[in-house]
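Note that our numbering has the sequence shown beginning at 1, numbered continuously upward.
The beta carbon of each residue, even a glycine, is placed where N, CA and C say it ideally should be.
No experiment lies behind these values; they were computed from the predicted model shown.
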Amino acid sequence: MPWNRAGVTESPFVTVFRQAHIPAASHIMTFVILTAALSGANAALYAASRVLFSLARAGWAPAVLGRLNTSGSPRLALLASSYGIVVALVLEKWAPKDAFVSILGAALTGVLLSWLVSLAAHVKFRQRLSPGQFAALPMRSPLGAWGSALGFMLIIVAVLETGWHSHLTLISGAVYMVVLTAAYFLLRKRLRKGGENM
């Protein structure tokens, strides 16, 4: 199947089986893909709720998300982690043609933002090292801090290019960064006050 004939309304696997006129193969493939998608979503939801629970226990998320119910499950953290499912359902209902691309763009933006943080942290880490500490490093990035700075700039370009094609992705990414940055400064201030009182 030519790449430019692949759409977002159904899986390319399903399209191929349907065009090959293999009886019921497209239905079987749909079942396999949906099962794999549900399994992946379940694993992601489990991981997200546990991370949110751990952040709450460490003081970097609201303390209420660090509570367990009577069966030992972080139910509130699980519910808070489910916001993506609600967004997906809303998009599927009111913008079905753009839902898949919008969700994919939001996921891509999240991955790119995590790389931005990692690259910025590496640049800051290298700036704070003394020559002796630098010499003692067992492994070094071959391109050094300049490589991370270049990667940072390229990812900024990728984020802007993605936002150019999907304004929803750009807006959601910007809102996400503003909320996370504000939460970081608020929580850092609170944790510093707590440390001073001890």
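beta-carbon residue i near the ligand NAD non-hydrogen atom, thresh 8 Å
i, result
"S54", "Absence of the ligand NAD is noted for the structure shown, with no ligands found whatsoever."
Spatial neighbours of residue i in its chain, beta-carbon cut-off 7 Å, leaving aside the 5 residues before and after
i, result
"R57", "G66"
"L55", "A61"
Residue j beta carbon less than 9 Å from that of residue i
i, j, result
"L91", "S102", "yes"
"F152", "A174", "no"
"T109", "V51", "no"
"L78", "S49", "yes"
"L186", "G105", "no"
"A136", "I85", "no"
As assigned by DSSP and simplified to three states, the class of residue i
i, result
"L143", "coil"
"T30", "helix"
"R67", "coil"
Proximal residues to residue i (C-beta, below 8 Å), its chain only, five neighbours per side dropped
i, result
"G144", "R126"
"L150", "L143"
"A88", "A99 and I103"
Where residue i falls, given that 16 or more other Cβ within 10 Å makes a residue buried
i, result
"P142", "exposed"
"S130", "exposed"
"M29", "buried"
Below-9 Å beta-carbon distance, residue i vs any chain C residue
i, result
"A37", "Of the protein chains in the structure, only one exists, and it is not chain C."
Rounded Cβ spacing between residue i and residue j (contact assumed at less than 8 Å)
i, j, result
"P74", "F53", "4 Å"
"W115", "I155", "6 Å"
"S11", "R18", "Actually they are not in contact, since the Cβ atoms of S11 and R18 sit about 10 Å apart, beyond 8 Å."
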